Amino acid sequence: RDDIDRRRIIVYGRSLGGGVAISLASQKKYHDKVFALILENTFTSIPNMAHQLFPLTKYLPLFCYRNKFLSDRDIKSTVSPTLFISGLADTLVPPRMVQTLYTLSGSPIKRMESFENGTHNGTWQCYGYYEAINRFLNEVLERRHPNNPKM
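If you count by this note's numbering, then the sequence shown holds residues 226 to 376, one letter each, in order.
Here it is in structure tokens:
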């Protein structure tokens, strides 16, 4: 398509979508195509989430999971600037999982934004949410194109 600026593709994933986004952004063939990666309330892996929700699944071997989304492994291979958004009131995906992904991230530009009242499906409603995203994208734009920020 001619109407898409291929230098400004932002990959955004929330919850399960974050696992998909990390899987895509971690692949070498996409390293130069992703302008920025934004992850919100994302888990470290499907097996880890299963253990969180159903403790007895910790005895299941990894091959029992059809979709694993091993984000805690794949995030190490990301090179795109990454914003991690965590709702600290999320009762589904523990905020510590987002923090773990942030710590493991291989991105040279990474930021963490936490929202005290952010729930799993409601973090976007928190004060400062959109400003945090805008601030991050402006920083990435400036760092990637310091002499031409309007590019």
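For each residue, glycine too, the CB sits at the ideal point set by N, CA and C. Because the structure is a prediction, the values reported are computed rather than measured.
Item                                                                                                                                                              : Value
Can you tell me whether DSSP reads R360 as helix, strand or coil?                                                                                                 : helix
Can you tell me whether G343 is helix, strand or coil according to DSSP?                                                                                          : coil
Using the Cα positions of L287 and R232, report the straight-line distance between them to the nearest angstrom.                                                  : 37 Å
Starting from the N-terminal side, write out each stretch of the alpha helix (DSSP H) that is 4 residues or longer and does not extend beyond the region 247-321. : 271-278 and 296-299
Leaving out the 5 sequence neighbours to the left and right, which residues in its chain are closer than 6 Å to G243 when beta-carbon positions are compared?     : L264 and T267
How close, in whole Å, do the beta carbons of G343 and G312 come, if the pair is a contact with beta carbons under 8 Å?                                           : 2 Å
Judging by CA-CA distance, which residue of K335, F294, E341 and T303 is the nearest neighbour of D315?                                                           : E341
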